[in-house]
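Here is the structure we will look at, set down as structure tokens.
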Amino acid sequence: MSLKFESYETVAEASAAVEDGDESVQYHGGGSLLVRRVNEGDLSISTMVRSTDPSLKAIEIADNQVILGASVTMAEVMRHPELGFLNYVVRSIGGPAVRNMATVGGNLFAPTPYGDFTVGLLALDAKLVVDGDEVSVEEFLAEREGKYAGKIVKSISFDVPSAGRFRFLKATRVRPRGTSIVSIAAVLEHADGTISAARIGFGCMSDRPIRAKAVEAALLGQALDEEGIAPALAVALEGTDPVTDSIASAWYRSKVLPIHLRRLLLDNE
Numbered sequence: 122m123s124l125k126f127e128s129y130e131t132v133a134e135a136s137a138a139v140e141d142g143d144e145s146v147q148y149h150g151g152g153s154l155l156v157r158r159v160n161e162g163d164l165s166i167s168t169m170v171r172s173t174d175p176s177l178k179a180i181e182i183a184d185n186q187v188i189l190g191a192s193v194t195m196a197e198v199m200r201h202p203e204l205g206f207l208n209y210v211v212r213s214i215g216g217p218a219v220r221n222m223a224t225v226g227g228n229l230f231a232p233t234p235y236g237d238f239t240v241g242l243l244a245l246d247a248k249l250v251v252d253g254d255e256v257s258v259e260e261f262l263a264e265r266e267g268k269y270a271g272k273i274v275k276s277i278s279f280d281v282p283s284a285g286r287f288r289f290l291k292a293t294r295v296r297p298r299g300t301s302i303v304s305i306a307a308v309l310e311h312a313d314g315t316i317s318a319a320r321i322g323f324g325c326m327s328d329r330p331i332r333a334k335a336v337e338a339a340l341l342g343q344a345l346d347e348e349g350i351a352p353a354l355a356v357a358l359e360g361t362d363p364v365t366d367s368i369a370s371a372w373y374r375s376k377v378l379p380i381h382l383r384r385l386l387l388d389n390e
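Residues 122 to 390 in the numbering used here are what the sequence shown lists, from first letter to last.
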């Protein structure tokens with residue numbers, strides 16, 4: 122079976138090519154997911170579509186807001202001097218070859234146990250431009266195989282967090298860049314010693330990255346110490362449905378999640 126590769130100058134043209142309901146036509150972002158499927162013998166794919174729209178590769182930072190084109194690679198994020206707070210996230214994703222291919226937009230579609238960058242986007246309350254509409258990353262993930270199936274993400278935006286407010290932790294069997302057992306990202310506001318706002322994302326605790334809303338609520342008004350975080354640890358598993366795969370069982374993930382959440386909240390590596 123032959124495989125076609127089609128290139129379009131604009132996102133709109135590429136979108137038209139993949140939105141006719143034919144699942145054999147797939148959008149090619151960086152290729153780390155799609156090309157792997159092809160190389161492993163997935164014959165359901167007949168055509169790969171890409172766009173050369175320059176906006177897909179743009180990185181814009183102004184007025185404390187970051188806008189990433191969806192085709193920006195992990196390596197490009199890592200090299201950018203104003204995106205240092207994301208360094209630990211992108212460095213945890215594969216090796217140099219993977220980071221040179223994998224895109225921030227493609228990571229939104231990565232199945233568990235992948236998708237670590239998206240866990241960070243949940244904590245950052247990122248917004249996506251999909252088909253000309255702005256949607257939250259949380260809404261997109263919930264409808265990834267529903268209303269947004271076959272749609273092309275054009276850009277991702279989020280505010281730059283205050284210094285020291287963004288945290289990320291990834292537990293693996295192979296350090297430093299193994300596949301996730303669990304990953305956790307958080308943005309915590311605690312100017313007066315107590316937490317006034319919290320956004321936390323979990324990876325590998327469902328079939329896609331999810332918000333830890335029970336943990337967020339339990340942290341409000343608490344101090345970032347052992348006593349203050351205890352209520353949050355007690356509800357860490359609420360709303361989760363961890364997966365079992367070759368990396369870890371659902372049982373194991375449920376046991377280690379509170380341990381790693383404690384490490385992240387107390388900033389203990």
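Note that the Cβ used here is the ideal one computed from N, Cα and C, for glycine as well.
Candidates the options, of which the one nearest residue i by Cα
i, options, result
"L309", "G324, K268, S370 and L245", "L245"
"I180", "I321, V256 and G226", "G226"
"G215", "L154, L387, G205 and E140", "L154"
"I277", "D252, P379 and F287", "D252"
"R200", "P217, D184 and T173", "P217"
"T194", "I188, H149 and K178", "K178"
"I166", "H311, V139 and D184", "V139"
"R288", "A270, A319 and G314", "A319"
"V120", "A270, P352 and P232", "This structure cannot speak to residue 120, because the chain is shown only from 122 to 390."
"L354", "A339, S367 and A344", "A339"
"V170", "A196, G150 and I188", "G150"
"K291", "L249, Y129, V198 and L382", "L382"
"E144", "E266, V187 and T224", "E266"
"G360", "D366, A223 and S375", "S375"
"A371", "S123, P234 and T168", "P234"
"T192", "G205, V256, P175 and Q186", "The question names Thr, yet the displayed sequence has Ser at residue 192. Of the candidates G205, V256, P175 and Q186, the one whose C-alpha sits nearest the C-alpha of S192 is P175."
Secondary structure of residue i, DSSP reduced to three states
i, result
"T194", "strand"
"K272", "coil"
"L309", "strand"
"D254", "strand"
"S375", "helix"
"T239", "helix"
"S370", "coil"
"I166", "coil"
"E181", "strand"
"I380", "helix"
"L290", "strand"
"S176", "helix"
"A351", "helix"
"R296", "coil"
Alpha-carbon spacing of residue i relative to residue j, whole angstroms
i, j, result
"R329", "L262", "7 Å"
"A369", "I302", "6 Å"
"D163", "I380", "38 Å"
"V146", "E203", "36 Å"
"S172", "E347", "50 Å"
"A247", "V258", "6 Å"
"R296", "R212", "11 Å"
"S283", "G241", "15 Å"
"G342", "G349", "9 Å"
"A344", "A357", "17 Å"
"K334", "F279", "19 Å"
"A270", "G314", "43 Å"
"N221", "Y148", "18 Å"
"V210", "D388", "15 Å"
"I316", "P352", "13 Å"
"E161", "M326", "27 Å"
"V159", "L229", "19 Å"
"G190", "N208", "18 Å"
"L249", "E260", "10 Å"
"G299", "K125", "33 Å"
Residue i, enclosing alpha helix (DSSP H) - first and last residue
i, result
"M222", "P217 to M222"
"K334", "K334 to L340"
"G150", "First-last for G150: undefined, no H or E at that position."
"R158", "L155 to N160"
"S136", "V132 to V139"
"R212", "N208 to R212"
"G227", "V225 to N228"
Residue i: CB within 7 Å of a non-hydrogen atom of the ligand PLP
i, result
"G271", "In the structure on display, the ligand PLP does not appear, and there are no ligands present to speak of."
Nearest-angstrom beta carbon gap, residue j and residue i [assumed within contact, 8 Å]
i, j, result
"V132", "K272", "Actually they do not touch by this definition, with Cβ atoms about 10 Å apart."
"S304", "G324", "4 Å"
"R332", "L243", "6 Å"
"A312", "I321", "Wrong, their Cβ atoms sit about 18 Å apart, outside the cutoff."
Where the beta strand (DSSP E) through residue i begins and ends
i, result
"G322", "A318 to G324"
"E127", "K125 to Y129"
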